[in-house]
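Residue numbers for the sequence shown follow our numbering, so the first one is 1 and each next one is one higher. All residues carry an ideal CB built from backbone N, CA and C; glycine is no exception. Every value quoted in this text rests on a predicted model; they were computed, and no experiment measured them. Single-structure report; data block below.
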Amino acid sequence: MKTPISNDAHVPLATGAAPISVLPIAFSNSLRRIAMFKSTSTRTRTGFGLRPQALMAALTLAFTAFGAHAFNSGSTGADGALSPTVNTEIQLPPSGVLNYTTINIPTGVTVKFRRNALNTPVYLLASGNVTIAGAIDINGKTAAATGTAGDGVVADDGVPGEGGPGGYDGGRGGRDDLVQTPAVIRGGAGLGPGGGLGGIEGPDGCSPDARHYRYIGGSAGYAQAGLEQYSYQYGGYSWCSAASPASGKAYGSAILQPLIGGSGGGGGRGGANFPGSGGGGGGGALLIASSGTVTLTGSIGASAGYGGAVAGTNSGGSGGGGSGGAVRIVATSVTGAGSITANFGCPQAVTGSINSNMNCNYFRSSVGRIRIEAEALTYSGTTTPAYTTDVPGPVFLANMPSLRIATIAGVAVPANPTGNADVVLPADVVNPVTVTFETVNVPTGNTIDWKLIPAYGIPSGDRTAAISGTTAAGTASVTLTLPQGPSTLQATTTYTVVVAMGDALSVFAQNERVEKVQLIATLGGPGQAKLITVSGKEYMVPMSVLQQVGFAG
Numbered sequence: 001m002k003t004p005i006s007n008d009a010h011v012p013l014a015t016g017a018a019p020i021s022v023l024p025i026a027f028s029n030s031l032r033r034i035a036m037f038k039s040t041s042t043r044t045r046t047g048f049g050l051r052p053q054a055l056m057a058a059l060t061l062a063f064t065a066f067g068a069h070a071f072n073s074g075s076t077g078a079d080g081a082l083s084p085t086v087n088t089e090i091q092l093p094p095s096g097v098l099n100y101t102t103i104n105i106p107t108g109v110t111v112k113f114r115r116n117a118l119n120t121p122v123y124l125l126a127s128g129n130v131t132i133a134g135a136i137d138i139n140g141k142t143a144a145a146t147g148t149a150g151d152g153v154v155a156d157d158g159v160p161g162e163g164g165p166g167g168y169d170g171g172r173g174g175r176d177d178l179v180q181t182p183a184v185i186r187g188g189a190g191l192g193p194g195g196g197l198g199g200i201e202g203p204d205g206c207s208p209d210a211r212h213y214r215y216i217g218g219s220a221g222y223a224q225a226g227l228e229q230y231s232y233q234y235g236g237y238s239w240c241s242a243a244s245p246a247s248g249k250a251y252g253s254a255i256l257q258p259l260i261g262g263s264g265g266g267g268g269r270g271g272a273n274f275p276g277s278g279g280g281g282g283g284g285a286l287l288i289a290s291s292g293t294v295t296l297t298g299s300i301g302a303s304a305g306y307g308g309a310v311a312g313t314n315s316g317g318s319g320g321g322g323s324g325g326a327v328r329i330v331a332t333s334v335t336g337a338g339s340i341t342a343n344f345g346c347p348q349a350v351t352g353s354i355n356s357n358m359n360c361n362y363f364r365s366s367v368g369r370i371r372i373e374a375e376a377l378t379y380s381g382t383t384t385p386a387y388t389t390d391v392p393g394p395v396f397l398a399n400m401p402s403l404r405i406a407t408i409a410g411v412a413v414p415a416n417p418t419g420n421a422d423v424v425l426p427a428d429v430v431n432p433v434t435v436t437f438e439t440v441n442v443p444t445g446n447t448i449d450w451k452l453i454p455a456y457g458i459p460s461g462d463r464t465a466a467i468s469g470t471t472a473a474g475t476a477s478v479t480l481t482l483p484q485g486p487s488t489l490q491a492t493t494t495y496t497v498v499v500a501m502g503d504a505l506s507v508f509a510q511n512e513r514v515e516k517v518q519l520i521a522t523l524g525g526p527g528q529a530k531l532i533t534v535s536g537k538e539y540m541v542p543m544s545v546l547q548q549v550g551f552a553g
């Protein structure tokens, strides 16, 4: 007897005559080029990029302690000691990994990090002790203000907030248009797996799509889904009956394996006279691993940016806030009474418009995640949100199942795309185009369901032919028509395992036999699984944990 498994990945792509970097694969009818990037979007640039859907896992699981031995961070010490005496910005290497002997950030000193091309998280490894009396700042940025709330520089109206290193940018604000043409005024979606959708045309008030205020950019999700509900206290509006589809969904793992930053808020709808503002950037992602003691008496900030402020007659809507980022500390011991913050972002109220409570009471994005792993934990500081804890687990994971886009119209997608015109298509390429997928550790003979979700328009979808090749390296393809503007391509595959494995997996499902497993894989990265028991209960578990019982995907 066999049980089904599902493997899921999300890939953003886009077409349009005026390319902007808002979603991960882009196709320009004027330039005929596609630019891709992995798990990130950097600054606004001409061209589009590739964004993989990150992993989702809500269940906190413990890793086995490594006997009585002290934790080993794996640092080579090649970067020496980090001991700044003034505010410092460090350029991240391509891997994002910095190998220090010791780290000492004194009181009054703030350390920031400049994002690398792939926008990886910040990985600080230390063979000795880590002392943070000053501050580490990987916060997402607030989007530029627009209209009369802005600085008078029209060029930055609608520009989104940049995510912290390892986090995602917000969506662009919609352009101003006197006649409110939908294709012009719609805001861009925030980047990241929990990015909020952009503001759209249409009246206010609860409706079948449960979206109450359409001009506001969607709030980003992470630890929870973004919040987008509103109760107008004096005008007769009531709560929408369902969560708004503009809000970003929850994603990621409570154990922060893999390490993923916060997502961007959606851009606000453009007004008749002024553009909408961009969405706030998501908080960054930080790992601190020390073979000795981490002492935190200062602060670590991984909070999200806010949507840009908007004001003026016939102004656009505010962008949504980004979601908080991720901070994971792993050490032999952790002590101190400092603070760690991965808080949510919000829209900023439109002057003269709806109740100002809209900004955080009813439209806030999600907080991020914080985790502390230590053999001896005496930390007594404050964190937002509350942290989870366990004994030290692996610093990095490897050999996970994956599902990725391999080619578009016969042109190879880079294994490590940067988001800056990585793929150039011939000028004579026209729709429809062929997209090929590659799988790792997925049995052949299964199919891939794809769904193309444009930022401006109606989603489409279908199923590929059977995956061919081998379980270790499979391929499948589909022919599709790319719509105008940015879109997201979602791919899912379902396959089976023998039922005996369901008994082995019961240890992760409160000792109830697992009947179905839904596997979610990133593009070229590790994955997570949803375990569904015989009674219908669901448990989210990282794939790395399932490997402990021999489940290889």
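Counted within 10 angstroms of its Cβ, other Cβ atoms place residue i as buried (16 or more) or exposed
i      : result
Pro483 : buried
Asp176 : buried
Lys537 : exposed
Gly393 : buried
Ile532 : buried
Glu438 : buried
Thr332 : buried
Three-state class that DSSP yields for residue i in the structure shown
i      : result
Ser535 : coil
Val541 : strand
Asp169 : coil
Ala70  : coil
Asn359 : helix
Met137 : First, the amino acid is wrong: residue 137 is Asp here, not Met. If DSSP states are grouped into helix, strand and coil, Asp137 belongs with the strands.
Ile185 : helix
Ala225 : coil
Asp156 : helix
Gly195 : coil
Gln91  : strand
Ala473 : coil
Asn343 : coil
Val109 : coil
Leu124 : strand
Glu373 : strand
Val430 : coil
Arg114 : strand
Given residue i as reference, the closest of the options once Cα atoms are compared
i      : options                        : result
Gly202 : Leu191, Thr378, Val429, Ala183 : Ala183
Val395 : Val435, Asp449, Ile408, Arg328 : Arg328
Ile185 : Asn273, Val440, Ala117, Gln257 : Asn273
Tyr213 : Ala309, Ser318, Val478         : Ser318
Gly284 : Tyr215, Gly265, Gly158, Tyr168 : Tyr168
Asn72  : Lys530, Glu375, Gly308         : Glu375
Gln257 : Gln180, Pro121, Gly217, Ala189 : Pro121
Ser83  : Gln91, Gly74, Phe437, Thr110   : Thr110
Thr85  : Gly108, Asn99, Thr388          : Gly108
Pro426 : Thr533, Ala409, Pro432, Glu438 : Ala409
Thr479 : Pro432, Ile405, Trp450         : Pro432
Distance CB(residue i)-CB(residue j) smaller than 8 Å
i      : j      : result
Thr297 : Ala135 : no
Lys141 : Gly305 : yes
Gly192 : Ala302 : no
Gly270 : Gly279 : no
Pro93  : Leu118 : no
Val440 : Ser402 : yes
Arg364 : Ala342 : no
Gly96  : Tyr123 : yes
Gly262 : Gly322 : yes
Gly221 : Gly264 : no
Glu471 : Val442 : Sequence inspection shows Thr at residue 471; the Glu mentioned does not correspond to that position. Going by C-beta atoms, Thr471 is nearer than 8 Å to Val442.
Gly267 : Gly194 : no
Asn161 : Gly320 : Residue 161 is actually Gly in this sequence, not Asn. No; because the gap between Cβ atoms is not below 8 Å, this pair is not in contact.
Val541 : Glu515 : no
Arg463 : Thr447 : yes
Val330 : Glu373 : yes
Thr146 : Asp157 : yes
Ala326 : Leu259 : yes
Pro347 : Val367 : no
Ala70  : Asn99  : no
Val413 : Ser477 : no
Gly312 : Thr148 : yes
Would you call the stretch 188 to 202 and the stretch 166 to 176 in contact, with 3 or more CB pairs under 8 Å? Judged by pairs of C-beta atoms under 8 Å, the stretch 188 to 202 touches the stretch 166 to 176, as three or more such pairs exist.
With contact counted as at least three CB pairs below 8 Å, one residue from each stretch, are the stretch 367 to 380 and the stretch 333 to 340 in contact? With a cut-off of 8 Å, the stretch 333 to 340 and the stretch 367 to 380 count as touching, because enough Cβ pairs lie within range.
Pair every Cβ in the stretch 92 to 106 with every Cβ in the stretch 116 to 129, then say whether three or more of these pairs are closer than 8 Å. Under the Cβ criterion (8 Å, minimum of three pairs), the stretch 92 to 106 counts as touching the stretch 116 to 129.
Touching by the beta-carbon criterion (3+ pairs, under 8 Å), the stretch 282 to 292 and the stretch 246 to 254: No, they do not touch.
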